[in-house]
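Protein chains in written order, with the working numbering: chain A, 70 to 555; chain B, 70 to 555.
All residues carry an ideal CB built from backbone N, CA and C; glycine is no exception.
Working notes for the structure below.
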């Protein structure tokens, strides 16, 4: 597949623009709007008949804060310093984090909320205090990650940062993208649907000068005087790439994204000399809540041992579950805290008994293993303590109400949702870097085509991808629009 | 940094050859020799004043078997079918394995031993039955991985496969490379020392036609009529690349390799359109033996819980240790099994006591955690069983001889040796692939410049890297030498 074309070999350009944006999801639309607002001519190539990308499929939580708090945080009485936000994100991604990118994000995130609201997206001045993946109350602010869970509580003050479109629940992405796409259309951007970018056009000097798009079964050559923004999403729908890069997850996961998440932008960037990083990292969604009371249960592995505090975010649970022997994990609960989980129909009660010993035997766990784990947990929970993993005290209740159950949450049967976190290495401006960290002139990337703020399942929180995609999409659009025209 | 040069822009070639080999370690030397033996003119570029690479620094175990057994295995009474060898390797690397590469390797590995012996490397007909990283008895065959450990015993019959140069101990690499480099010199290959490949030369048709080398502070252009083999090692010595690709390991590791392991070949391959895979994977050597009796101890984490069977190979231990909270792990032993480890001077006795309770308290482990772990372990060990992790029965002894000790093996202080396992995606022939798995004509890679047989720390065994580097180095040299001259 020819993914790079020599500029000098192009006989005729079919179309000319300033900024060419590949992909019309959250990142691409944000880039397009920002470039238009900066005065550039913009063309958008969207592979499908309608825009929206994977952002439209999401609840469109945006993980924002800092600068004293977003307007929404402040109006709801929450303060959030950029330092606190920074510390939280650095604790989430540790050595994987890109400090420059995190810094740019925490400094600009509060303004980004104003931008989103100014688009016309409605945010309700209501805080949802519960433990749910997405607030279904219509409220627009909630906790969505590991803010209140150990060890993050040691690094940052818990603040709710998930900003949701009002009254939309899981439908927030459709609502948000509906508004954003409309703004892009109104901006005068030239939007081409059913148009897939297949190659970048590079001149002898190494600058990206445009792209080839497949439109109406024809190769259309588009000249982009200021630059090309790659925003075609991640690669979770590319069977071959997931087998190469996330082979372990690929074997058990339910692929989460839109059908266009086939890695096109990453592949184009690589062909142009870009560098893909953290390609082995992915989100793994093991939603062990809601209902919240399941958090009072304990997760154990094949050894009958606990392995994480159960009050973590669902992809931190997924990260640790994937690391257990045979990806097999089980939720132990007593009758008082038993419930079916809202998000996983494939969980299955493995054993029930009047005593822990009966459950242990029926489930085939090593004799005595579950019994001592539960006894240890109960003994300390009675004192409001979890000396092993420091689950927060509000979830610590001795599990003593018979009958008891062990529910199978093994990943091979659960088939948790996954999407990829690896992508092109970029500066916070969206400029694509080579493996030597040199710039590729004229090339930008954002959204899951780039390695963004969220870089590991263990530190992920709901709202990080959409916030990253739209925030850094805007940076890329602005940066491209600031270039002299070639 | 310009890593690719247009063939058409080169005014004059300073030198011409058939097969150009970059790197004169195990992989490069094997490629060079094989290409010479096939009748090609060969030039080798070695960055330093002497060859040997990281292979020379190793004990030069080669992990070989299959085909009924290598000559050495058979003469020592061991049978090893290719199927058994295949099953073992597939169990080691699971979804990370490349079945085609594993198949090619197990089918050719026995012959590869004959090749090594025919070079003039001496292998002693002696089997070392003990548990050590490298036999110091002079014997040439030993177990070196997880063959006798669960869960591998469920997938393949244990057979010793580490083939060591006779009477060399840890010095095997120097011995082996001494012989191999001599054979390459005798073969008539043109060997250029202090010559670092800095760019590949590619023609308009996309074929790699040679390379630029830095020699005597001058850019020398070398035409390679049949192809270029990249064999410059891994990237463990490249600070920037390790920070990007193995950030977690980079933070605590001791970098293991020669100073030339800076990823040159990978970077050249990427610039030519190659695809790097499994870049986040690395060997992590937590040598918890010898002495073997330490294997009778138990490793626990901050939760006072075991996390792996202790009879595993040292990098499987490293893999699991790295996954524990804060990378902190501890060895619990009784007086009968206490000893200082041979390979880690940085271990430190954290606590000593006449009872497990005293040790637990002194070490600051959660009250009751270590006590119940040890009691559980001892109860089952007395019956020769380890229901949690199935450590082999010969290592199962109740730990009851006071005083007891807890020794700190935490990775941040241990600083285990690491080297990288990710590299260019290649066919078993060494042909370098693009992200679309298309061939890059004229380009080959082997050794740690390519993603090879060993792909994860959890499945690694001593001898896999050298066996892979030399075996697939030969394939690459042979494949290049079979090409028509451009």
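How far does the beta strand (DSSP E) with residue i in it extend, from its first residue to its last?
i                     : result
residue 475 (chain A) : 473 to 477
residue 510 (chain B) : 508 to 514
residue 85 (chain A)  : 84 to 91
residue 186 (chain B) : From DSSP, residue 186 (chain B) is part of no beta strand (DSSP E) but of the alpha helix (DSSP H) over 168 to 188.
residue 486 (chain A) : 486 to 489
residue 500 (chain B) : 500 to 502
residue 443 (chain B) : First-last for residue 443 (chain B): 438 to 450, but that is the alpha helix (DSSP H), not the beta strand (DSSP E).
residue 537 (chain B) : Segment 533 to 550 is the alpha helix (DSSP H) holding residue 537 (chain B); no beta strand (DSSP E) there.
residue 74 (chain B)  : 73 to 75
Round the Cβ separation of residue i and residue j to the nearest angstrom and send it over; I've been treating them as touching at under 8 Å.
i                     : j                     : result
residue 171 (chain B) : residue 155 (chain B) : 6 Å
residue 482 (chain B) : residue 95 (chain B)  : Incorrect: roughly 32 Å between the Cβ atoms, too far for contact.
residue 344 (chain B) : residue 250 (chain B) : With a Cβ gap of about 31 Å, residue 344 (chain B) and residue 250 (chain B) do not count as contacting.
residue 390 (chain B) : residue 398 (chain B) : 5 Å
residue 535 (chain B) : residue 298 (chain B) : Actually they are not in contact, since the Cβ atoms of residue 535 (chain B) and residue 298 (chain B) sit about 17 Å apart, beyond 8 Å.
residue 554 (chain B) : residue 294 (chain B) : 4 Å
residue 326 (chain B) : residue 305 (chain B) : 5 Å
residue 309 (chain B) : residue 506 (chain A) : 7 Å
Should residue i be flagged as near chain B, meaning a C-beta pair shorter than 8 Å?
i                     : result
residue 336 (chain A) : yes
residue 224 (chain A) : no
residue 494 (chain A) : yes
residue 246 (chain A) : no
residue 441 (chain A) : yes
residue 506 (chain A) : yes
residue 339 (chain A) : yes
residue 77 (chain A)  : no
residue 629 (chain A) : Only positions 70 to 555 of chain A appear in this structure, which leaves residue 629 (chain A) out of reach.
residue 70 (chain A)  : yes
residue 165 (chain A) : yes
residue 346 (chain A) : yes
Within the 8 Å Cβ cut-off, does residue i reach chain A?
i                     : result
residue 405 (chain B) : no
residue 457 (chain B) : yes
residue 556 (chain B) : The structure shown does not extend to residue 556 (chain B), since chain B is modelled only from 70 to 555, so the question has no answer here.
residue 392 (chain B) : yes
residue 313 (chain B) : yes
residue 320 (chain B) : yes
residue 436 (chain B) : yes
residue 360 (chain B) : no
residue 349 (chain B) : yes
residue 372 (chain B) : yes
Looking at residue i: is its Cβ nearer than 8 Å to the Cβ of residue j?
i                     : j                     : result
residue 489 (chain B) : residue 260 (chain B) : no
residue 232 (chain A) : residue 321 (chain A) : no
residue 183 (chain A) : residue 151 (chain A) : no
residue 252 (chain A) : residue 158 (chain A) : no
residue 478 (chain A) : residue 400 (chain A) : yes
residue 165 (chain A) : residue 417 (chain A) : no
residue 550 (chain A) : residue 173 (chain A) : no
residue 280 (chain B) : residue 266 (chain B) : yes
residue 460 (chain A) : residue 406 (chain A) : no
residue 436 (chain A) : residue 428 (chain A) : no
residue 263 (chain A) : residue 117 (chain A) : yes
residue 246 (chain B) : residue 92 (chain B)  : no
residue 289 (chain A) : residue 83 (chain A)  : yes
residue 445 (chain B) : residue 378 (chain B) : no
For the alpha helix (DSSP H) holding residue i, just list the boundary residues, first then last.
i                     : result
residue 335 (chain B) : 333 to 340
residue 566 (chain B) : The structure shown has nothing for residue 566 (chain B), since chain B only spans 70 to 555.
residue 112 (chain A) : Where residue 112 (chain A) is concerned, there is no enclosing alpha helix (DSSP H), although the beta strand (DSSP E) it sits in stretches over 111 to 114.
residue 311 (chain B) : 308 to 314
residue 505 (chain A) : That residue, residue 505 (chain A), is in no alpha helix (DSSP H); it is neither H nor E in DSSP.
residue 201 (chain A) : Counting along the chain, residue 201 (chain A) falls outside any alpha helix (DSSP H), and DSSP gives it neither H nor E.
residue 481 (chain A) : 480 to 483
Would you say residue i touches the ligand HEM, meaning its beta carbon is less than 7 Å from a heavy atom?
i                     : result
residue 326 (chain B) : The ligand HEM is absent from the structure shown, which contains no ligand whatsoever.
- Query: Considering only residues of the segment 333 to 405 of chain A, which uninterrupted beta strand (DSSP E) runs meet the minimum length of 3 residues and lie entirely inside it, listed in chain order?
  - Reply: 351 to 354, 367 to 370, 398 to 403
- Message: At 3 residues or longer, what runs of the beta strand (DSSP E) sit wholly inside the segment 256 to 291 of chain B?
- Response: 259 to 261, 264 to 271, 277 to 284
- Whole beta strand (DSSP E) runs in the segment 95 to 147 of chain B with 3 or more residues, listed along the chain? 111 to 114
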